[in-house]
Amino acid sequence: MSAPDAPAAAPAEALGQAAVRPTDRPGAGCPKQMHFGPCGGVEFDGTCEVGEFACVFLETPTVRWPTAEPALQTALSNAESARPTAESALPSSEPLSPAAAMRALLATRQIVVADFPARALDARSLADCAGALAGRVDAALAGDSGRNRVQFPPAYRAHLIREAGLAVWTGLNCRDRNRVALEGELAGLADAGASAVHCVTGDHTLTGGRPDAQPVFDLDSTELAALARRAGHLVSVGESPCTPPVDRRAARLAEKVRAGAEVCFVNHAGGAEPVRRFIGESHEAGVAPAFVACVPVVLDRGSAALLRSFTTLVLPEGFLEGILDATDPHRAGLDAATRLCEELLQVEGVAGVNLSGGAADGGEVAFAEAMGAVADRLGLGAGSAAAPHPES
Ligand code: SF4
């Protein structure tokens with residue numbers, strides 16, 4: 002085990018060539034081979050998401066991001082420099098890249114991002130869902146679907162969504178791709194005009210889809226954030242304020258910010274107060290990324306079932322029951338999501354909301370329409386600033 006709070010040497014190697022992770026590194030024994038753990042899948046009782054044993058990071062001091070990249074570290078050495086600003090997004094009179102346009106938007110007003118509910122491997126479904134959201138939300142958060150492990154490569158998915166007129170905030174995970182494959186995706190995403198890249202470690206193959214596949218986990222989310230930032234992307238990461246170790250989640254976020262993240266998606270935390278508390282703790286840890294708070298969208302039993310499959314989900318008390326027991330669950334779901342968005346947008350430091358969830362099979366476009374309706378109700382002007390297609 003490494004000395005507590007010592008800057009770790011392994012990540013610099015891990016982002017270089019032919020790195021081999023030593024067996025005495027922090028997190029040795031983690032099924033995802035994480036260096037900057039723990040992941041967001043730690044169960045509420047502290048057990049690993051993969052097996053019946055305690056998460057190996059629970060007793061490990063937060064692993065520090067090394068100061069191996071002077072230019073990046075200088076740029077990120079204080080909280081304000083990590084936060085998107087209009088100045089940093091507007092280098093010249095040249096047309097803004099999608100990433101620069103999203104930075105400028107974040108510096109201008111609060112944003113609305115929506116999970117992307119389209120069917121995997123179905124270009125028509127992607128186009129239809131993008132059409133339902135275009136002009137209404139600022140970007141689709143299009144990550145790999147947990148239900149369908151074989152899917153279009155992220156860069157191709159981003160291309161299709163952009164073709165349909167919607168900005169893309171691409172979710173990229175380390176589960177099925179080694180560092181070389183991730184580097185290729187990051188290059189493809191830049192070429193396809195992704196507005197941002199959301200860097201996650203990903204679920205283990207043993208937790209569900211495709212247990213026959215070997216998990217890769219060559220990098221983890223913090224390392225991927227650094228890689229994506231070096232590739233020129235606007236980078237976001239996720240953090241789960243209610244997932245053990247609760248008292249060190251903000252410290253972990255701080256290391257992700259030092260690695261290159263500018264935006265933090267705050268996982269479902271049970272309402273505005275836990276989000277306010279987490280933002281305060283992050284400030285105390287020395288970082289102030291743009292915080293985008295996740296808001297559950299539930300319209301029926303199918304979408305409720307899908308939401309329940311999210312790891313370490315915490316909802317406001319009575320949230321699901323209030324929708325599913327209503328005479329008109331669809332309307333009640335829209336009302337509940339809108340209310341929670343409005344509460345979260347009042348919290349100081351919240352830069353936007355992420356409409357989160359998905360539909361039962363066959364309900365994808367209707368679900369996208371519903372998320373668009375919530376965005377319409379918020380009246381932030383979302384969708385008006387979608388980045389132009391790179392070829393236009
Ligand atoms: S919960 Fe996540 S970080 Fe902890 S040991 Fe398991 S896979 Fe690793």
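Numbered as in my numbering, the sequence shown ends at 393 without a single skipped number. Built from N, CA and C at the ideal position, the CB exists for glycine as well.
| task | Give, in chain order, every unbroken run of the beta strand (DSSP E) that is at least 3 residues long and sits entirely within the segment 108 to 157. | result | 112 to 116 and 140 to 143
| message | What would DSSP say about serine 237, mapped onto helix, strand or coil? | response | strand
| message | Taking its Cβ as the centre, do 16 or more other Cβ atoms sit within 10 Å of leucine 122, making it buried, or is it exposed? | response | The residue is exposed, with fewer than 16 neighbouring Cβ atoms inside 10 Å.
| field | Cβ-based burial, valine 151 [other Cβ within 10 Å; buried from 16] | value | Counting C-beta atoms within 10 angstroms of its own C-beta, valine 151 has fewer than 16 neighbours from the protein chains shown and is therefore classed as exposed.
| query | Run through DSSP, which three-state label would threonine 244 get? | reply | Residue state, collapsed to three classes: coil.
| task | Evaluate glycine 363 with the Cβ neighbour count: other Cβ atoms within 10 Å of its Cβ, from every protein chain shown; 16 or more gives buried, anything less gives exposed. | result | exposed
| query | Comparing the CB of lysine 33 with every heavy atom of the ligand SF4, is any distance shorter than 7 Å? | reply | yes
| Between Leu346, Ser146 and Gly47, which lies nearest to arginine 211 when the distance is taken from Cα to Cα? | Ser146
| Mapping DSSP to helix, strand and coil, what is glycine 382? | In the structure shown, glycine 382 sits in coil (DSSP, three-state: anything other than H, G, I, E or B).
| Since valine 293 contacts glycine 203 with CB under 8 Å, what's their CB separation in whole angstroms? | Not a contact, Cβ separation roughly 19 Å.
| Does the segment 270 to 285 come close enough to the segment 360 to 379 to have 3 or more Cβ pairs within less than 8 Å? | no
| message | Here's the rule I'm using: 16 or more other beta-carbon atoms within 10 Å means buried, otherwise exposed. How should glutamate 256 be labelled? | response | buried
| said: Quick check: the Cα distance between phenylalanine 45 and asparagine 268, rounded to an integer number of angstroms? | reply: 14 Å
| Closer than 7 Å: histidine 205 CB and nearest the ligand SF4 heavy atom | yes
| Taking the alpha-carbon positions, what's the glycine 261 to serine 222 distance? | 11 Å
| query | Which two residues bound the contiguous alpha helix (DSSP H) that contains phenylalanine 266? | reply | Run containing phenylalanine 266: none in the alpha helix (DSSP H); it sits in the beta strand (DSSP E), 264 to 267.
| query | Under three-state DSSP, which class holds phenylalanine 58? | reply | coil
| From proline 96 to valine 201, what does the alpha carbon distance come to, in whole angstroms? | 30 Å
| Coil, strand or helix - cysteine 342 by DSSP | DSSP, reduced to helix, strand and coil, places cysteine 342 within a helical segment of the structure shown.
| Residue environment, glutamate 1, which counts as buried when at least 16 other CB atoms sit within 10 Å | Since the first and last residues shown for the chain are 2 and 393, residue 1 lies out of range.
| glutamate 50 beta carbon near the ligand SF4 (any heavy atom closer than 7 Å) | yes
| query | Which partner residues does cysteine 175 have in the DSSP bridge list? | reply | Partner(s): none; cysteine 175 has no beta bridge.
| Should glutamine 34 go down as buried or exposed, given a rule of 16 or more other Cβ atoms within 10 Å for buried? | buried
| task | Assess, as a yes-or-no matter, whether the segment 109 to 127 is touched by the segment 342 to 360 under the definition of 3 or more beta carbon pairs within less than 8 Å. | result | yes
| If you measure from the CB of proline 330, is any heavy atom of the ligand SF4 nearer than 7 Å? | The answer is no for proline 330.
| said: Using the three-state DSSP reduction, which class does threonine 48 fall into: helix, strand or coil? | reply: strand
| Is it the case that the Cβ atoms of valine 299 and glycine 334 are separated by a distance below 8 Å? | yes
| request: List the residues that DSSP assigns as beta-bridge partners of phenylalanine 292. | output: Cys265 and Val351
| How many Å lie between alanine 188 and phenylalanine 218 at the Cα? | 19 Å
| field | cysteine 175 Cβ short of 7 Å to the ligand SF4 heavy atom set | value | no
| message | Quick check: proline 242 and proline 275, are their CB atoms within less than 8 Å of each other? | response | yes
| message | I need the straight-line Cα distance from leucine 308 to phenylalanine 266, nearest angstrom please. | response | 16 Å
| Where in the segment 177 to 223 do unbroken runs of the beta strand (DSSP E), each at least 3 residues long, occur, reported from the N-terminal end onward? | 197 to 201
| How about glycine 28 and valine 51: do their beta carbons lie closer than 8 Å? | Between glycine 28 and valine 51, the CB-CB gap reaches or exceeds 8 Å.
| task | Measure how close the beta-carbons of glycine 172 and leucine 220 come, nearest whole angstrom, since I'm counting them as under 8 Å. | result | Glycine 172 to leucine 220, Cβ: 15 Å. No contact.
| query | Do leucine 127 and glycine 373 have their C-beta atoms closer together than 8 Å? | reply | no
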